[in-house]
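J.: One structure, pasted below without further comment.
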Amino acid sequence: MRDTALPTVTAICRALIEQIDSGLLIAGGKLPAERKLSELFDTTRITLREALGQLEAQGLIYREERRGWFVSPPRLLYNPLVRSHYHAMVEGQGRMPATEVLSARQVPASAAICELLELPALSSVFQIRRLRRVDGRLVLYVEHYLNPAYFPAILDSDLTCSLTELYASRYDIHYGRVRFDMVPTALHGEAASVLRVADGSPALRITRINRDQHGRIIDCDLEFWRHDAIHVSVEVPD
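Going by UniProt numbering, the residue at position 171 of the sequence shown is 171; the numbering climbs one at a time, nothing skipped.
If you want it as structure tokens, here you go:
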């Protein structure tokens, strides 16, 4: 059965790619319901979903739970060497950023966070969980972990704004050396739920460990990006 379905999967993919490339299916636009697409291509839902899954893996379309399938907009360019923050990066590419705070509280630091921040056992940290959008689309779930010694009462601030700018204006703290670790991952639990994707969906996890101008480790970020939302591009200067 699978061998006979493959040409149909290929034909569906080609047809949808042609519509996307021609601009008939616009970036951010919603595809018809799976039932209507199955009728259009005279195929089964199983075959259709295999085709949609292939296009999703290529980053051409994406799915949100309970909302359906959409045409993927252009990826954000992400250059770790550029000193910037999320809103500036997105606006600099002519896009519209938005940030939602999911929670902000002081919590016991896990062993992993203690290691990243070089804290002793049984330390506590400020945890800020945020959800970020580009042009209304959910693209990033991020957990920030701050050393409370450097940011007293920061949880009372407006945390929808740039933490980079907040650090500078309120605490005279500026980012110095930054370490990045990037690995492909699968979204599970909270990250999958808030990004409205199925458990196990592919993503890019970026861990940032940030030092200030004095070389002190001040915070770390655990970023979970939708795999089709970001294009990491780095040009190393001479």
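In this text, a Cβ means the ideal position worked out from N, Cα and C, and glycines have one as well.
If you scan the segment 80-130 from start to end, which runs of the beta strand (DSSP E) of 3 or more residues do you find wholly inside it?
T.: Entirely contained in the segment 80-130, the beta strand (DSSP E) runs reaching 3 residues are, in chain order, 97-108.
J.: From which residue to which residue does the alpha helix (DSSP H) around residue 288 run?
T.: With the chain covering only 1 through 238, there is no way to say anything about residue 288.
J.: For Thr180, tell me which candidate among Arg216, Leu187, Leu48, Val232 has the shortest Cα-Cα distance.
T.: Looking at the sequence provided, one finds Phe at residue 180 rather than Thr. Out of Arg216, Leu187, Leu48, Val232, Val232 has the C-alpha closest to the C-alpha of Phe180.
J.: If you drop the 5 nearest sequence neighbours on each side, which residues of the same chain put their C-beta closer than 6 Å to that of Arg67?
T.: Same-chain partners within the cutoff: there are none.
J.: Can you tell me whether Asp21 is helix, strand or coil according to DSSP?
T.: Correct three-state label for Asp21: helix.
J.: Can you round the beta-carbon distance between Leu25 and Ala104 to whole angstroms, since I take them to be within the 8 Å contact cut?
T.: Not a contact, Cβ separation roughly 39 Å.
J.: Where DSSP assigns a beta bridge to Pro184, which residues make up the other side?
T.: Beta-bridge pairing links Pro184 to Leu204.
J.: Consult DSSP for Ala5 and reduce its assignment to one of helix, strand or coil.
T.: For Ala5, the predicted model reports a pLDDT of 47, less than 50, meaning its position is unreliable and no value from the coordinates is stated.
J.: Return the CA-CA distance between Thr47 and Phe70, expressed in angstroms with no decimal places.
T.: Rounded to whole angstroms, Thr47 to Phe70 spans 18 Å at the Cα level.
J.: Applying the criterion that 16 or more other CB atoms from any shown protein chain within 10 Å of the CB defines a buried residue, is Arg83 buried or exposed?
T.: With fewer than 16 other Cβ atoms within 10 Å, it is exposed.
J.: How many Å lie between Val107 and Ile12 at the Cα?
T.: Straight-line Cα distance between these residues: approximately 49 Å.
J.: Would you mind working out which of Ala57, Glu64, Glu50 sits nearest Lys30, comparing C-alpha positions?
T.: It is Glu64 whose Cα lies nearest to the Cα of Lys30.
J.: Under the criterion of a Cβ to heavy atom distance below 7 Å, does Glu235 qualify as lining the ligand FMN?
T.: You won't find the ligand FMN in this model; it holds no ligand whatsoever.
J.: Give every residue of the same chain whose Cβ lies closer than 7 Å to the Cβ of Gln213, excluding the five residues on either side of it in the sequence, and list them in chain order.
T.: Excluding positions up to five away in sequence, the list reads His174, Gly176.
J.: Out of curiosity, what's the CA-to-CA distance linking Pro152 and Thr44?
T.: Approximately 58 Å between the Cα atoms of the pair.
J.: Is the segment 138-145 touching the segment 182-198, taking contact as three or more C-beta pairs under 8 Å?
T.: Judged by Cβ distances under 8 Å, the segment 138-145 makes contact with the segment 182-198, as three or more pairs qualify.
J.: Go ahead and label Ala51 buried or exposed: buried means 16 or more other beta carbons lie within 10 angstroms of its beta carbon, across all protein chains shown.
T.: Buried, since its Cβ has 16 or more Cβ neighbours within 10 Å.
J.: Given this structure, state the Cα-to-Cα distance separating Glu235 from Phe41, to the nearest angstrom.
T.: Approximately 44 Å, taken between the alpha carbons.
J.: Among residues of its own chain, excluding the 5 on either side of Met1, which ones have a beta-carbon nearer than 7 Å to its beta-carbon?
T.: Residue placement at Met1 is poorly supported in this model, since its pLDDT is 43, which falls under 50; the coordinates still yield a value, given next. Within the same chain, Met1 has no close Cβ partners at all.
J.: Inspect the beta-carbon positions of Val98 and Arg133 and report whether they are closer than 8 Å.
T.: Position check: residue 98 holds Ala in this sequence, whereas Val was assumed. In this structure, Arg133 lies closer than 8 Å to Ala98 by Cβ.
J.: Among the residues of its own chain, which have a CB less than 8 Å from the CB of Asp135, if the five just before and after it don't count?
T.: Excluding sequence neighbours, Asp135 sits near Gly28, Pro73, Arg95, Met96.
J.: Please name the residue, chosen from Leu131, Ile128, Ser110, Gln127, that lies closest to Ala121 on a Cα-to-Cα basis.
T.: Minimum Cα distance to Ala121 is reached at Ser110.
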